[in-house]
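*Asks:* Input: one structure, supplied below.
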Amino acid sequence: MSKKRVYRSKKKIGQIPGSLIYTGERSKEKLFIETFDYTKDFCVEKELPTIQESFEYKDTDSVTWINLNGLNHVTEIEALGNHYNIHPLILEDIVNVAQRPKIDDHVDYIFIVLKMLYYDDNQHIVSEQVSLILGKNYVLSFQESEGDVFDAVRDRLRHAKGRVRTLKSDYLLYVLIDAIVDHYFSVIEILGDKIEDFETAIFAGDVDGEISQKIQDLKREILKVRRAIFPLREVISRIEKNESPLIHKKTITYYRDIYDHLIHVSENIDIYREMIWSLMDMYMTSISNKMNEVMKVLTIMASIFIPLTFIAGIYGMNFEYIPELQYKYAYFILWGVMIVLFIGMLFYFKRKKWL
Amino acid sequence: MSKKRVYRSKKKIGQIPGSLIYTGERSKEKLFIETFDYTKDFCVEKELPTIQESFEYKDTDSVTWINLNGLNHVTEIEALGNHYNIHPLILEDIVNVAQRPKIDDHVDYIFIVLKMLYYDDNQHIVSEQVSLILGKNYVLSFQESEGDVFDAVRDRLRHAKGRVRTLKSDYLLYVLIDAIVDHYFSVIEILGDKIEDFETAIFAGDVDGEISQKIQDLKREILKVRRAIFPLREVISRIEKNESPLIHKKTITYYRDIYDHLIHVSENIDIYREMIWSLMDMYMTSISNKMNEVMKVLTIMASIFIPLTFIAGIYGMNFEYIPELQYKYAYFILWGVMIVLFIGMLFYFKRKKWL
Amino acid sequence: MSKKRVYRSKKKIGQIPGSLIYTGERSKEKLFIETFDYTKDFCVEKELPTIQESFEYKDTDSVTWINLNGLNHVTEIEALGNHYNIHPLILEDIVNVAQRPKIDDHVDYIFIVLKMLYYDDNQHIVSEQVSLILGKNYVLSFQESEGDVFDAVRDRLRHAKGRVRTLKSDYLLYVLIDAIVDHYFSVIEILGDKIEDFETAIFAGDVDGEISQKIQDLKREILKVRRAIFPLREVISRIEKNESPLIHKKTITYYRDIYDHLIHVSENIDIYREMIWSLMDMYMTSISNKMNEVMKVLTIMASIFIPLTFIAGIYGMNFEYIPELQYKYAYFILWGVMIVLFIGMLFYFKRKKWL
Amino acid sequence: MSKKRVYRSKKKIGQIPGSLIYTGERSKEKLFIETFDYTKDFCVEKELPTIQESFEYKDTDSVTWINLNGLNHVTEIEALGNHYNIHPLILEDIVNVAQRPKIDDHVDYIFIVLKMLYYDDNQHIVSEQVSLILGKNYVLSFQESEGDVFDAVRDRLRHAKGRVRTLKSDYLLYVLIDAIVDHYFSVIEILGDKIEDFETAIFAGDVDGEISQKIQDLKREILKVRRAIFPLREVISRIEKNESPLIHKKTITYYRDIYDHLIHVSENIDIYREMIWSLMDMYMTSISNKMNEVMKVLTIMASIFIPLTFIAGIYGMNFEYIPELQYKYAYFILWGVMIVLFIGMLFYFKRKKWL
Amino acid sequence: MSKKRVYRSKKKIGQIPGSLIYTGERSKEKLFIETFDYTKDFCVEKELPTIQESFEYKDTDSVTWINLNGLNHVTEIEALGNHYNIHPLILEDIVNVAQRPKIDDHVDYIFIVLKMLYYDDNQHIVSEQVSLILGKNYVLSFQESEGDVFDAVRDRLRHAKGRVRTLKSDYLLYVLIDAIVDHYFSVIEILGDKIEDFETAIFAGDVDGEISQKIQDLKREILKVRRAIFPLREVISRIEKNESPLIHKKTITYYRDIYDHLIHVSENIDIYREMIWSLMDMYMTSISNKMNEVMKVLTIMASIFIPLTFIAGIYGMNFEYIPELQYKYAYFILWGVMIVLFIGMLFYFKRKKWL
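Chains as they are written, first to last, in the UniProt record's numbering: chain A, 1 to 355; chain B, 1 to 355; chain C, 1 to 355; chain D, 1 to 355; chain E, 1 to 355.
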């Protein structure tokens with residue numbers, strides 16, 4: 001079951017380092033390769049049948065974005081990697097989807113792993129690995145499956161919207177990361193809605209026994225989001241600070257903007273974590289309050305009727321000589337006494353604010 | 001509902017970086033622009049109908065404060081920003097009200113975002129974004145709506161109170177920030193009063209089921225205040241430490257004073273956080289104590305009357321041969337026995353300190 | 001009420017920076033000024049009627065200690081400050097008693113704020129602000145009210161006890177701070193006693209409903225002490241590390257001694273905090289244990305007598321044909337059965353360790 | 001009992017420093033020595049009867065791996081250590097199995113201690129100490145017992161798989177550490193399964209009184225794993241950063257890969273810790289919920305039947321004059337009243353959602 | 001009472017700094033002075049009647065260890081201190097037993113305070129202060145009372161075991177500290193046993209009301225041990241890092257060994273702390289479980305017998321016309337009905353897993 005394995009590593013124990021083995025679950029994904037080759041003046045978009053056709057772009061002056069979907073196709077990834085002189089351990093990281101977001105700074109290129117987050121149709125959060133390699137005049141991107149958040153980027157490239165076509169590959173990298181980070185906002189928006197729904201439900205007392213399980217599930221979702229986002233802050237911060245020749249001074253400002261967004265998202269996540277803990281507290285309090293209410297009902301019923309029953313029991317005794325029994329109005333007097341007792345009890349509980 | 005969205009980001013997902021979109025809720029606010037242009041000797045105060053009229057102040061020797069209310073008027077903000085050579089990403093930050101307090105140090109100017117806090121008429125806390133740009137001889141300020149905490153500053157400028165007219169734009173910036181930070185004190189004063197009211201209520205046992213919801217609301221208010229104030233400390237600390245040529249040595253002392261105030265406020269906020277947690281604890285304890293009391297009443301009533309009822313039941317049996325029934329004083333003796341039992345029970349519970 | 005406002009800031013919102021306004025509660029305190037002027041060979045002690053008489057000591061070679069009580073007398077403080085060239089913001093800090101302990105290192109003098117702690121007659125902790133200014137050949141001290149912890153210092157100056165008369169103003173500053181820090185030990189001693197009294201009371205089960213309120217009060221006292229002492233550590237540590245020409249190498253050792261004492265006190269405070277949390281835990285446990293005991297009594301009484309009452313009820317029925325009723329010894333046999341049941345129940349509860 | 005001593009130190013109190021005393025429990029382990037001596041071109045594998053036979057490899061150019069199992073054989077270890085000029089304190093550390101993972105950087109060699117983790121047949125986690133010494137052209141490894149995780153390494157050496165035969169001793173060290181770290185993944189996989197089993201059990205309400213003991217055991221397992229893995233991160237990080245001439249630049253990348261794996265494992269462990277705490281919370285909640293349910297059943301039964309019993313008791317009284325008793329249909333009317341009461345009660349509890 | 005004062009400072013408030021006042025409780029301890037004077041070739045051991053006899057060793061080439069027991073003898077300590085030129089504040093620290101472990105690095109000597117831990121006859125932990133002064137060719141040690149952990153060291157000196165006689169005073173200091181640290185292991189071993197005993201007791205349900213008090217006591221013991229050991233780590237780490245000419249390069253390795261031991265002990269202490277918190281949790285859970293069980297018994301008894309008693313009550317009514325009463329087998333049928341009800345109830349509770 002997919003959910004069950006969520007926190008598990010999928011490392012292939014005992015393998016020779018540098019061997020490419022896809023560790024994800026989408027092992028039947030079709031290979032999809034597309035390229036955008038552009039300068040300020042033109043933009044050529046292609047969908048490639050084989051990886052070899054993308055090799056020609058390596059030494060052009062134009063900026064090239066090669067996007068590959070389907071990490072199960074390790075042969076093609078290895079071919080592409082070898083052509084661009086990518087270190088084998090990095091190729092291994094690309095197809096091993098249990099990576100934490102990280103950055104590896106090599107001489108000719110920068111390697112970045114991050115996580116794309118979205119909710120699937122069952123409202124389960126999905127964390128998909130995206131690897132990005134920035135070279136002097138190219139960006140390679142690797143994704144598990146076809147659906148992605150890059151449509152707006154494609155659109156901007158095609159129609160030369162914004163500044164993307166006028167700047168270099170480092171700006172393209174920024175635009176891709178920004179698209180992914182932007183999507184985090186909609187994920188935490190949904191998370192926030194879920195938490196508020198719980199809160200409303202708990203306050204309304206409208207809770208069943210499964211709520212603690214649901215809260216537990218929510219905690220996990222937050223953990224998952226946290227694991228995707230928190231290490232990324234460090235990644236972006238290192239891009240900002242590193243003096244890599246691949247990143248131009250002018251684009252640094254844009255990366256700082258991403259960093260601000262990540263800080264913002266992280267803060268929200270921490271707030272949600274704290275709110276979840278409070279929810280659990282409130283739930284416990286509501287259980288205690290309910291128990292209190294149950295106990296009050298029991299105590300009131302018992303305290304009122306047990307003494308009255310005792311009195312009735314007294315006059316149900318069969319002693320030969322019980323003087324009250326013969327007295328004609330005894331029965332009615334007794335009723336009076338019992339009603340007075342009853343009302344007295346009610347007053348007592350009223351004063352104690354149990355009613 | 002305004003309250004509901006409080007912790008959410010309003011980022012415009014998928015937009016091109018640098019596009020100006022107001023993300024707040026006051027989209028119908030009227031544009032209001034005022035300028036103060038002053039030196040030691042004169043002070044000219046104007047309310048401007050169009051933003052273009054403020055452009056003339058850019059190259060004067062006098063200090064100019066341009067205050068703009070109404071972040072929904074993005075066109076005017078863009079025009080002003082372009083005239084003063086402000087970076088597009090900063091203009092985007094000004095109108096995107098989901099910023100954390102931060103400082104951006106550019107060559108010609110310093111950009112600062114902070115939050116103005118106040119309680120609205122419904123006693124809900126409101127956090128409004130204020131952006132400040134400090135240039136060589138000007139300060140630009142941008143606010144969401146008209147009501148602000150700068151009246152005392154205006155007054156000092158008009159009547160040359162204090163040192164503000166004799167010093168440069170960096171001191172004006174200090175005065176504006178100081179006015180905002182001063183207001184934090186009244187906000188945490190109200191927070192403190194609320195907490196004490198809860199405390200008194202819980203100690204007096206005067207609590208209803210909604211108190212945990214109210215405590216939760218209070219926690220959120222504190223979170224909100226915290227989010228506004230804590231990052232500001234770092235901002236001020238960076239002003240102190242940065243050797244920006246825009247801030248003179250002599251005014252640094254004043255910024256250190258603000259820093260001290262912020263530390264003071266932050267400390268109080270952390271104390272309030274801790275007190276809130278204690279409140280929750282005390283509330284749980286008071287619930288447990290109440291349940292204890294309820295249980296005691298039930299136990300006392302049941303323990304006293306159940307045995308007595310049993311005795312009465314015995315002599316209500318219809319056996320043909322129960323010798324006691326014939327004995328004349330049996331009934332009275334039984335009453336005696338039961339009264340002794342009753343008193344014995346009372347003593348027992350008294351000794352156990354349940355009464 | 002004094003206690004209520006304890007954690008609140010008293011900042012004068014909206015005032016011009018540098019304006020001297022006393023923010024404490026002792027606004028009717030009489031002004032008291034004393035001076036000690038001494039070298040190794042002589043020591044002149046005076047009580048001055050006006051602040052102006054203290055001005056003459058500024059340029060002498062002897063060491064001068066000017067001690068001023070009564071922070072409400074802002075005019076005199078301002079006059080003294082101006083004479084000694086103290087920065088206006090520092091004078092503002094002296095009379096604003098809501099300062100955190102801090103150190104400000106100026107060219108000609110060092111400014112230190114700290115808190116004197118003591119228990120008043122109602123056993124409430126009082127935190128009084130003391131400001132100290134160390135100059136080349138003088139120490140100025142400012143206190144809210146007359147009672148202080150400096151008597152031992154005065155005595156040592158008068159009778160040339162210890163090394164104080166043979167050393168410079170930096171040693172005098174040390175002696176004054178040491179006197180205040182020494183007093184912290186007696187404060188935490190009292191705190192420790194209070195905690196132990198609670199512990200004993202909770203273990204003895206001798207608690208009433210107000211104990212959680214008292215624990216809460218204790219928490220606040222600890223918070224107050226913490227706020228006074230923890231920032232002081234940093235202050236002293238900065239004296240040690242700063243290479244101020246006003247502090248001689250040889251006296252640094254003495255400041256390190258104060259630092260050790262502060263670490264010691266801080267550690268105790270943290271231990272007390274932890275013990276307070278444990279107290280709360282133990283109190284909750286004791287409530288649960290009591291409830292358990294109550295429940296056991298109820299359960300034992302009910303479990304024993306409800307079945308017996310049922311049996312009695314059976315033979316109280318009025319069916320025409322109940323064979324047992326006619327049997328002569330039935331009543332006694334029934335008693336036997338009931339006694340056996342009773343004893344069986346007792347054994348059962350004994351085995352369950354409920355008795 | 002082995003489990004009991006788990007967290008205890010086994011230090012030999014009062015011994016002279018540098019004396020070799022094996023502190024583990026496998027004091028009857030047979031000595032086993034094997035060597036791999038290889039270059040790119042050949043690989044000689046031997047099992048040695050005496051330690052002295054391994055001495056010849058010290059000054060060869062080929063890379064030598066000497067693996068020794070059986071830490072109880074201190075004489076042989078001392079002999080080997082002396083031959084390779086290992087410091088006596090390091091030899092002491094090798095046989096004292098209560099070490100934390102650590103690295104000691106000497107001039108001629110690097111000493112590393114780490115822990116091999118696996119589950120034994122009773123599903124108890126076992127933490128076995130492995131010591132590694134890296135010299136210029138050799139790696140020495142010391143293990144407590146024979147079973148280890150190095151089989152894949154042996155295989156790669158024999159058949160020249162991967163790059164191991166073409167590189168130096170620093171790569172061999174990497175391969176050995178990598179084999180151990182790889183095994184951590186399977187350990188945390190089992191841990192994760194255990195936690196999920198508990199979670200499922202608690203959610204299904206399928207818990208007995210021993211669950212808190214089992215959770216406690218699980219906590220300990222996690223502690224044990226944590227203690228083995230967390231310090232190792234620092235060890236690897238120091239290998240990365242230290243500029244030891246024994247580790248070549250090119251192999252550093254591989255050590256960084258191990259570091260990434262360790263971060264990954266550590267993160268999972270911290271998540272498990274948090275999940276365990278949540279489990280305990282959920283367990284407490286489930287207890288409270290059950291108690292609530294028990295109380296509801298009691299309250300419903302008592303609240304319904306106690307009043308009805310009271311009514312029956314009334315008409316069981318023996319007053320001479322109770323008018324209802326003579327009325328012919330009274331009995332049936334009473335039944336009606338009681339049924340109405342019964343149904344009314346049910347409705348009341350239904351509305352309260354207790355049913 | 002000794003135990004009560006445990007966490008209190010004993011500082012002599014208001015005293016002149018540098019005045020020697022013993023603050024411990026063993027004010028009647030007899031003075032005991034012994035010296036070991038040794039080189040590689042000889043070792044002279046003496047017990048001295050007066051402190052003055054130890055003065056001669058100051059300028060010899062041999063290494064001298066002067067051990068003084070009885071901190072109440074301040075005159076002798078002062079005399080020794082003055083002879084060896086020890087700073088007065090250090091002498092004050094030696095006799096003030098409320099010190100934290102610390103190191104003071106002076107030009108001619110290094111001063112170290114640490115705590116010797118052991119369990120006394122009542123199984124209370126005792127923390128005794130030991131001061132060590134390392135000079136060029138001597139070590140001075142000061143202890144509160146006679147019993148110590150140095151016997152093994154004396155033995156090694158006498159019989160030239162190990163390397164102690166061949167090395168200098170810095171190695172002697174190491175040997176003394178190592179002896180004390182070695183003893184920490186036996187202390188935490190006992191602590192671990194205590195915790196396990198509690199655990200076993202709680203799991204076995206074999207707990208009385210005093211367990212929370214005992215857990216509290218245990219917490220304090222751990223705090224005490226923690227306070228003795230944690231600051232010592234920093235002390236040893238500073239010896240390692242400081243480039244004091246009094247400590248030779250070669251002995252640094254030995255100090256690192258102590259450091260490793262201390263890290264090991266500290267880790268265990270932190271684990272114990274965590275286990276104690278878990279114990280408290282488990283205890284709370286066991287209370288809740290017990291209450292649950294009590295409630296179940298009550299609920300079962302009440303739920304079964306209250307309805308049955310109601311039925312019996314019905315047929316105990318004295319209505320003139322109750323048709324069932326006349327029916328001959330009614331009584332037996334009723335028994336049947338009640339038995340069916342009884343068994344039905346049992347099944348119901350069985351299904352709910354309450355039985």
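Glycine is no exception: its CB is placed at the ideal position from the N, C-alpha and C atoms.
Do residue 114 of chain B and residue 180 of chain B come within 8 Å of each other at the CB atom, strictly closer than that value?
*Replies:* Their beta carbons are under 8 Å apart, which means residue 180 of chain B touches residue 114 of chain B by this criterion.
*Asks:* Identify the residues that DSSP records as bridge partners of residue 68 of chain D: which are they?
*Replies:* Paired residue(s): D:33, D:142.
*Asks:* Between the Cα of residue 36 of chain E and the Cα atoms of E:52, E:57, E:25, which residue gives the shortest distance?
*Replies:* That would be E:57, whose Cα lies nearest to the Cα of residue 36 of chain E.
*Asks:* Note down, in chain order, each residue of its chain lying with its Cβ closer than 8 Å to the Cβ of residue 59 of chain E, except the 5 sequence neighbours on either side.
*Replies:* So the list is empty, once near-sequence residues are dropped.
*Asks:* Determine which residues share a DSSP beta bridge with residue 345 of chain A and list them.
*Replies:* The partner list for residue 345 of chain A (beta bridge, DSSP) is empty, contrary to what the question assumes.
*Asks:* Measure the beta-carbon distance from residue 74 of chain D to residue 107 of chain D and round it to whole angstroms, keeping in mind my assumption that it falls under 8 Å.
*Replies:* Going by Cβ atoms, the distance from residue 74 of chain D to residue 107 of chain D rounds to 25 Å, so no, they are not a contact pair.
*Asks:* For residue 155 of chain E, which residues of its own chain have a beta-carbon under 8 Å away from its beta-carbon, when the five flanking residues on both sides are left out?
*Replies:* Counting only Cβ-Cβ distances below 8 Å, and skipping sequence neighbours, we find 161.
*Asks:* Which residues mark the beginning and the end of the beta strand (DSSP E) in which residue 136 of chain E is found?
*Replies:* That residue, residue 136 of chain E, is in no beta strand (DSSP E); it is neither H nor E in DSSP.
*Asks:* Let me know if residue 173 of chain E comes out buried or exposed under the rule of 16 or more other beta-carbons within 10 Å of its beta-carbon.
*Replies:* Classification of residue 173 of chain E: buried, given that the 10 Å Cβ count is 16 or more.
*Asks:* List the residues that DSSP assigns as beta-bridge partners of residue 20 of chain E.
*Replies:* Per DSSP, none; premise fails for residue 20 of chain E.
*Asks:* Can you give me the C-alpha to C-alpha distance between residue 66 of chain E and residue 240 of chain E, rounded to a whole angstrom?
*Replies:* Residue 66 of chain E and residue 240 of chain E: Cα-Cα distance of roughly 24 Å.
*Asks:* Where are the beta strand (DSSP E) runs, 3 residues long or more, that stay fully inside the segment 233 to 318 of chain A, in chain order?
*Replies:* You should have found no qualifying run.
*Asks:* At what residues does the beta strand (DSSP E) containing residue 102 of chain B begin and finish?
*Replies:* Where residue 102 of chain B is concerned, the enclosing beta strand (DSSP E) stretches over 102 to 105.
*Asks:* Quick check: the Cα distance between residue 169 of chain A and residue 220 of chain C, rounded to an integer number of angstroms?
*Replies:* Cα-Cα distance, rounded: 58 Å.
*Asks:* Could you tell me whether any Cβ in chain C is nearer than 8 Å to the Cβ of residue 124 of chain E?
*Replies:* Answer no: the Cβ-Cβ gap between residue 124 of chain E and chain C never drops below 8 Å.
*Asks:* Cβ of residue 7 of chain C less than 8 Å from any chain B Cβ?
*Replies:* For residue 7 of chain C, the predicted model reports a pLDDT of 38, less than 50, meaning its position is unreliable and no value from the coordinates is stated.
*Asks:* Let me make sure I understand the geometry here. Which of A:205, A:293, A:19, A:229 has the alpha-carbon closest to that of residue 128 of chain A?
*Replies:* Comparing Cα positions, the closest option is A:229.
*Asks:* Taking a cut of 7 Å between CB atoms, which residues from the segment 188 to 218 of chain C lie near chain B?
*Replies:* Against chain B - using a Cβ distance shorter than 7 Å - the residues of the segment 188 to 218 of chain C are 209, 212, 213, 216.
*Asks:* Going by C-alpha to C-alpha distance, which of B:194, B:264, B:257 sits closest to residue 175 of chain B?
*Replies:* If we check each option's Cα against that of residue 175 of chain B, B:257 comes out closest.
*Asks:* Looking only at DSSP bridge pairs, what is residue 48 of chain D linked to?
*Replies:* Answer is D:33.
*Asks:* Have a look at residue 255 of chain B and residue 116 of chain E and give me their C-alpha separation to the nearest angstrom.
*Replies:* Going from the Cα of residue 255 of chain B to the Cα of residue 116 of chain E covers about 50 Å.
*Asks:* Among A:101, A:111, A:71, which has the Cα closest to the Cα of residue 87 of chain A?
*Replies:* Of the candidates A:101, A:111, A:71, the one whose C-alpha sits nearest the C-alpha of residue 87 of chain A is A:111.
*Asks:* Given this structure, state the Cα-to-Cα distance separating residue 246 of chain E from residue 217 of chain C, to the nearest angstrom.
*Replies:* Going by the C-alpha atoms only, they are around 51 Å apart.
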